[in-house]
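When the count follows our numbering, it moves up by one through the sequence shown with no breaks and lands on 182 for the last residue. This report concerns only the one structure given below.
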Amino acid sequence: MDKLSKASQMINRSLIQSIKYSPQKQIYLHALPSATLVSFSSNPNSIPIGSIPSLKKDELESVIIKPEQFKANADFLNVLHSTFSRSAHLDPTYQIDALNYPGSFMALGDYKIILDYMNQRPDLQNTIGFVHVGFDNIINPESYEKNDAYTVCNIDGVITLSDFMLEELQKEL
């Protein structure tokens, strides 16, 4: 378990200020003396997505998370990929996308960027993984392959998920 996850398990709630991150409403920021945790949970003890340098109280509400200051949490990535492996084929959003990929592989993008048209594939750094779609337009539930080039925070922003995948992921955090 990495140091960030261990630290998040031992947080005294009275020392934390937590807010929703205004540019991405699925994200919470938890300000600690040593770092600011970036999380999908309002609970600062959950597994964080990653962290940014410590912020002062007055900086917390106006911060824009930049890739050069963001440190991803390897434990979060493991949970993300195991959740996608188990549940992505059940996501109605991906099921609709699968109608465009019969008999081929489909990229499972996050939603940092909303694509302009059907059949457009997300950029590689915004692709969480890939699944195989059968000729019947059904996602093979055992076909998930993670994308090692995926980044949870890049120039396009911080990870954004469909409502379904967010709920599934939050069960594991």
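From the three backbone atoms N, C-alpha and C, an ideal C-beta is built for every residue, glycine too.
- Here the alpha carbon of Gln134 sits roughly 31 angstroms from the alpha carbon of Pro42.
- Among the bridge pairs identified by DSSP, Ala44 is matched with Pro62.
- Distance from the Cα of Ala81 is smallest, within the candidate group Ser96, Leu117 and Val161, for Val161.
- In this structure, Ser91 keeps its C-beta atom at 9 angstroms or more from the C-beta atom of Glu154.
- Distance from Tyr103 to Leu117 at the Cβ level is roughly 6 angstroms; contact confirmed, criterion being Cβ atoms closer than 8 angstroms.
- In this structure the segment 133-152 does not touch the segment 41-57; the number of beta carbon pairs closer than 8 angstroms is below three.
- The Cβ neighbour count for Gly59, taken over all protein chains shown within 10 Å, is at least 16; the residue is labelled buried.
- For Phe114, the enclosing beta strand (DSSP E) starts and ends at Ser113 to Gly118.
- Beta-bridge partners assigned by DSSP to Ile28: Leu38.
- Counting only residues of its own chain and dropping the five nearest sequence neighbours on each side, His98 has a CB closer than 6 angstroms to the CB of Ile148 and Pro150.
- In the three-state scheme derived from DSSP, where H, G and I count as helix and E and B as strand, Lys180 is classed as helix.
- Residue pairing of Glu154 in beta bridges, as defined by DSSP: Phe139.
- Judged by DSSP in its simplified three-state form, Val72 adopts coil rather than helix or strand.
- Taken atom to atom, the span from the alpha-carbon of Ile105 to that of Glu176 is near 18 angstroms.
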